[in-house]
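S.K.:
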Amino acid sequence: MKPLLALRPTKAATIRDVAAVAGVSAMTVSRVVNKEATVREGTQDRVLAAIEQLNYSPNLAARMLTGAQQIRIGLLFTNPSANYLSELLV
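The numbering used here numbers the first residue of the sequence shown as 5 and each following residue consecutively.
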């Protein structure tokens, strides 16, 4: 019979785990994952090898939070009446 720890699902690799294996910072891993051109080729190769070794995949929920676009609407009034403004904001 297997010990309880062996039956638990393994924890997914984090960006920090990849950074530790590749010997770089978490920011460097982020730059490689986001395909920024500021990472040297040798460093990028080490990070990609660590990603493959750890079977790392970015947390999509976290990416959606940081990459979400915000919609802002600006209004300009020359002389708004209180009634018009209250109806508009409701």
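Ideal Cβ positions, reconstructed from N, Cα and C, are used throughout, including at glycine. Here the structure is a predicted model, which is why all the values come from computation and not from measurement.
I need the straight-line Cα distance from L79 to E91, nearest angstrom please.
M.R.: Taking the first residue of the sequence shown as position 1, residue 79 is located at position 75. Taking the first residue of the sequence shown as position 1, residue 91 is located at position 87. Near 14 Å, if we compare the C-alpha coordinates of E91 and L79.
S.K.: To the nearest angstrom, how far is it from the Cα of R44 to the Cα of R76?
M.R.: Reading the sequence shown from its first residue, position 40 is the one you call residue 44. Reading the sequence shown from its first residue, position 72 is the one you call residue 76. About 37 Å.
S.K.: Would you mind reading off the limits of the alpha helix (DSSP H) that contains G78?
M.R.: Along the sequence shown, one-based indexing puts residue 78 at 74. Per DSSP, G78 belongs to no alpha helix (DSSP H) and is neither H nor E.
S.K.: Cα separation between A23 and F81?
M.R.: If you number the sequence shown from 1, residue 23 lands on position 19. If you number the sequence shown from 1, residue 81 lands on position 77. Their Cα atoms are separated by approximately 52 Å.
S.K.: Determine the DSSP secondary structure at T47, reduced to helix, strand or coil.
M.R.: On the sequence shown, position 43 is the one that residue 47 refers to. T47 falls in the helix class under three-state DSSP.
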